[in-house]
Every structure is written in structure tokens, then in C-alpha cells.
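Written below as C-alpha cells is the structure these notes are about.
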Amino acid sequence: MLGAPTVLAPTGPRVVVVGGGFAGASFARALKREDPTIAVALVEPSEPYTACPMSNAVIAGLPDIGAQHFGYGGLEDDGIVHVPQRVVRVDAARRRAVLADDVMLDYDRLVVAPGIDMRLDAIPGYDAAAAELLPHAWKAGEQTLLLRRQLEAMEDGGLVIIAAPPNPFRCPPGPYERASLIAHFLQTRKPRSKLLILDAKDAFSKQRLFEQAWTELYPGLVEWESLSFGGKVTEVDAPARTLTTEFGSHKAAVVNVIPPQRAGAIATTIGVADQTGWCPIDPMTFESRLVSNVHIIGDAAIGGAMPKSAFTANAQAKACATALANLLRGQEPGSPKLTNTCYSLIAPDQAVSIAGVYEPANGLLTEVQGAGGTSPLDAPRSVREEEAVYAQAWFKTITQEAFG
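Yeah, the sequence shown ends on 404 if you go by the UniProt record's numbering, and it's all consecutive.
Written out as C-alpha cells, the structure is:
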């Protein structure tokens, strides 16, 4: 910490990165590879970082939470300064980030990768206190373990409810992967129990693949209620573990409420989030459309057709690093082409996926038609098992790339 201001006052350019998740960590390492002369500081108070990808498996009683923990030693080995603090405000005119302890970090470019925050004011009755009773578990860590403990403690025959949010939200397949793995847990550990998904949408990513998996793997166990059929939760009674919808109320033994989301709070503080709660960007450089010399990557950015996923965060980080290195050299940033693949476990040893390719067009990141696709329907078990192997390999690769 004491070395941070010195390291960020070199003869070369200075870049401060706010947020040490997949976007921020991947960006910092990629920028150092692009140009080792750039001084890079990563400001992130939490260590270890707890990864959300694969955390649904932790909820379902499979791996230990320790498998989700990653430190910043690999970044420090690359010459990146890890500042274990929080940015509390930014003086954009002076290009200065102010930390919670009043240390000031001057920058030439600021990269903001704050992830998401829960909109705890979006559903009447669901606030921070309610989340301790009905966990969202949408930020991996203690909430993940709380939901796991509740499932383990539930009596056989109890009802589990997942309340899925409206778009946009982080990791569009995430609630349905979670439903699949909880269904596996119930089938093997609480066979008289049921799972109900109350959804604020009428459709979701990889829907046909998930529904086929639920029918084949967990017959009669999973029920999905869409927006049109009363799936949107309008009120929460946390002590009673009861959710109210437009069509009635549902009481359950375990309730997982995933509320609407927005960019992490620092995005609003800096002024890079608009009225939607997300951050508009130039898709060529990821520079904010609201504050100059500030770039936003990962979940917080309005990514056009790109979903909010760890793969997306990593891809945007590398594209932004290339663009930023060029800008700092006085060169044109170039036009990026980005890819995303979302793997979702439907059982501990089976997975499905969706892939896409994206490029800037009309001021947004748009999908290249015909360049992506999903896993085939009606595929044999061997194909699903192979995709589960790919999913594990992807997680190992992306965490190694981000954290070393």
C-alpha cells in the first residue's frame, strides 16, 4: 500500500483499475503484457477474491468454497500494484482517484470494473436484512454458504423457491444452472422435495436445453412459472418465507431471491452510470460516454448484445487493454472482435453451452449472425459429459489468466 503512490508517479503512463474480479484482474495483466512500461495499480479491498462461476455447484453441496478463492500474488509478480483499499470518489478533472484512507492515486486512464450490486429497493420487503434470511447468493461468499446450509438443513419434502430477476442481470443462464444443480441435490438428498422457479421473464437463455434437462434428469421435480403466468415476485415476507406474485402467494422452506441488479455503487459515485443503473460505453475502446478518460468493462458496462458473464468480462478486459495501450501510445485503438461462451452445469457431470461473437456496430457491441450457437438438443449423455469437462477446463483457464 505504501508503495502505490510512488509506483503511480513514473515517467510513463499511469493506469488505475477499480475492481479485482474477472474484468479488472484480466485487464491489469493484459495491459502489462501489452506494455510493461505502463504503471498499473489494481484497487480491490477483498482478498481472496471469491469467484461466482462454479459457485452454484458449491450451493448444491459439491466442491468446497475454497475452490472459488483466488489471490493477487500472480498480478504482483507481473509488476502490478495491488492496493487493498476502496476508491470512494474520483476527481475526473484532475484524473485522481481518492481512496478510503484519503490516499490519492493520479492516473492517465481509469478503468472501472465494479461488477454488480443488488437493487435491494426493487422488491417490497426484500432488503439487506431480508437477504440474511432469504439469500440471493449472487455475490459468491458467505451468501453462497448460507444458501447451502439452508438446503442441507431443510427437511425432506420441503419446497425450494428460486425467484429469478428480469433482464439485464449478471450471467443470464445462472439461475437455471442453479436450479439444475439444486434439483440434483434434492433428487439425491431430499427426494420428496420440489423446486419452483418464479420468473420475472417469459424466456431465458438456453431455455429449451434446460427444460429438456429438467424433464429427462429430474422428472416432476422442477416447475417454472413465467412472467405471463404469475412468476414475477411483487412482495417478500422474509420472516414467513413467503413470496407474493400477481397470482397469489408461495411459502417455502428455502427461498432464494435473486433481485434486479445494477452496476457496482462506485459507478454511480464516479458518474459513469446512467438512469438505467448501467454504464454506457464506446464499444471500440470501452471509454465511458459520460466521463472522459474513464473506461468500464465487465458486468457494469452496457455491452449491447454481449451477456454479463465472466467470459465476457475477460474478453472485454483484453480488448480494452489493447485499445488503451494504443491510445496511450497515440495510436488508433482498432476495432475489436469479442467472443463469449457460457457453460452451464445441468448435473455435476453434464453441461450445456451457448456461444457468440460480437463486434462494434451502430454504437453498440452487436452479435455477428451465424457465428455462434448452442449445444444441440437431444444430444447423447456423452456429449453433455464432454461439455462438463470443457466447463471445468474453461474455469481453470480463465482463473489462471486472471489471477495467475
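By construction, the Cβ of each residue, glycine as well, lies at the ideal position given by its N, Cα and C atoms. Only a predicted model underlies this, so the values are computations on that prediction, with no experimental measurement involved.
By DSSP's criteria, residue 450 is part of a beta bridge. Which residues make up the other side? Within the shown structure, residues of the chain are numbered from 1 to 404, placing residue 450 beyond reach of any answer.
Classification of Met306 by the beta-carbon crowding that lies within 10 angstroms, buried from 16 upward: It is buried - the Cβ of Met306 has at least 16 other Cβ atoms within 10 Å.
What is the residue span of the beta strand (DSSP E) that Gly74 lies within? Run containing Gly74: none in the beta strand (DSSP E); it sits in the alpha helix (DSSP H), Gly73 to Asp77.
Cys171, DSSP secondary structure in three states: Reduced to three states, the DSSP call for Cys171 is coil.
Start and end residues, alpha helix (DSSP H) containing Trp394: Unbroken alpha helix (DSSP H) run through Trp394: Arg381 to Phe403.
Smallest Cα separation from Asn167: which of Val88, Pro280, Leu227 and Val18? Minimum Cα distance to Asn167 is reached at Leu227.
Beta-carbon separation of Gly264 and Ala315 under 7 Å? Not a contact, by the Cβ cut-off of 7 Å.
Grab me the residues of Ala391's own chain with a C-beta within less than 7 Å of its C-beta, minus the 5 sequence neighbours each way, in chain order. Excluding positions up to five away in sequence, the list reads Tyr343, Leu345 and Ala351.
Which residue's Cα is closest to the Cα of Ile266: Gly304, Pro260, Gly277 and Ile258? Among Gly304, Pro260, Gly277 and Ile258, the Cα nearest to that of Ile266 belongs to Gly277.
Contacting residues, own chain, Cβ-Cβ under 7 Å from Thr269 (five flanking each side not counted): Excluding positions up to five away in sequence, the list reads Arg89.
Quick check on the DSSP output: the alpha helix (DSSP H) that includes Val58 runs from which residue to which? Element bounds for Val58: Ser55 to Ile59.
Proximity test, Gly12 beta-carbon vs the ligand HEM heavy atom, cut-off 6 Å: Questions concerning the ligand HEM fall outside what the structure shown contains, since it holds no ligand whatsoever.
Helix, strand or coil: which one does DSSP assign to Arg95? In the structure shown, Arg95 sits in coil (DSSP, three-state: anything other than H, G, I, E or B).
Looking at the strands, I want to know which residues DSSP matches up with Thr50. Residue pairing by DSSP puts Thr50 in a beta bridge opposite His69.
Would you mind working out which of Ala28, Val233 and Gln187 sits nearest Leu221, comparing C-alpha positions? Comparing Cα-Cα distances from Leu221 to each of Ala28, Val233 and Gln187, the minimum goes to Gln187.
Could you give the residue range of the alpha helix (DSSP H) that holds Glu216? Gln207 to Leu217 is the extent of the alpha helix (DSSP H) around Glu216.
Count the other CB atoms, across all protein chains shown, that sit within 10 Å of the CB of Val389; report buried if there are 16 or more and exposed otherwise. Exposed.
Are the beta-carbon atoms belonging to Pro260 and Ala122 less than 7 Å from one another? Result yes, Cβ atoms of Pro260 and Ala122 sit closer than 7 Å.
From Val83 to Phe311, what does the alpha carbon distance come to, in whole angstroms? Between Val83 and Phe311, the C-alpha separation is close to 25 Å.
Within the chosen definition, does the segment 137–144 reach the segment 47–60 through at least 3 CB pairs nearer than 8 Å? They touch, by the three-pair rule.
At what residue ranges does the segment 350–380 contain a whole run of the beta strand (DSSP E), taking only runs of 3 or more? Whole beta strand (DSSP E) segments, 3+ residues: 350–361 and 364–367.
Local conformation of Gly20 per DSSP, three classes: DSSP places Gly20 in coil when its eight states are reduced to three.
Compare the beta carbon distance of Ala317 and Ala23 with 7 Å and say whether it is the shorter of the two. Yes, these two residues count as a Cβ contact at 7 Å.
Thinking C-alpha only, which one of Ala238, Gly157 and Glu44 is nearest Ala129? The option with the nearest alpha carbon to Ala129 is Ala238.
Among the candidates Glu386, Thr366 and Glu367, whose CA atom is the shortest distance from the CA of Ser375? Here the closest residue by C-alpha is Glu386.
Can you grab the Cα-Cα spacing for the pair Glu34 / Gly230, in whole Å? Each residue's CA atom was taken as its position, placing Glu34 and Gly230 some 51 Å apart.
If you check the beta carbons only, do Pro172 and Ile162 fall under 7 Å apart? No, these two residues do not count as a Cβ contact at 7 Å.
Would DSSP call Leu120 helix, strand or coil? Three-state result, Leu120: coil.
For Gln150 versus Val254, is the C-beta spacing smaller than 7 Å? Yes. Within cutoff.
How close, in whole Å, do the beta carbons of His136 and Ile302 come, if the pair is a contact with beta carbons under 8 Å? Incorrect: roughly 22 Å between the Cβ atoms, too far for contact.
Evaluate Glu152 with the Cβ neighbour count: other Cβ atoms within 10 Å of its Cβ, from every protein chain shown; 16 or more gives buried, anything less gives exposed. Looking at its Cβ environment, which holds fewer than 16 other Cβ atoms inside 10 Å, Glu152 is exposed.
DSSP state of Gly248, grouped into three classes? Strand at Gly248.
I'd like the list of long-range same chain contacts for Gly125, defined as Cβ closer than 8 Å, with 5 residues on each side in sequence excluded. Closer than 8 Å at the Cβ level, and outside the excluded window around Gly125, lie Glu235, Val236, Asp237 and Ala238.
Comparing alpha-carbon positions, which option in Pro348, Asp349 and Asn340 lies nearest Val357? Measuring from the Cα of Val357, the nearest candidate turns out to be Asn340.
7 Å Cβ shell around Arg148 - same chain, five flanking residues per side excluded: The beta carbon of Arg148 sits closer than 7 Å to the beta carbons of Val58, Ile59 and Gly61 from its chain, once the five residues preceding and following it are set aside; these are given in chain order.
C-alpha distance - Val111 paired with Gln331, whole-angstrom precision: Using only the alpha carbons, I get a separation of about 19 Å.
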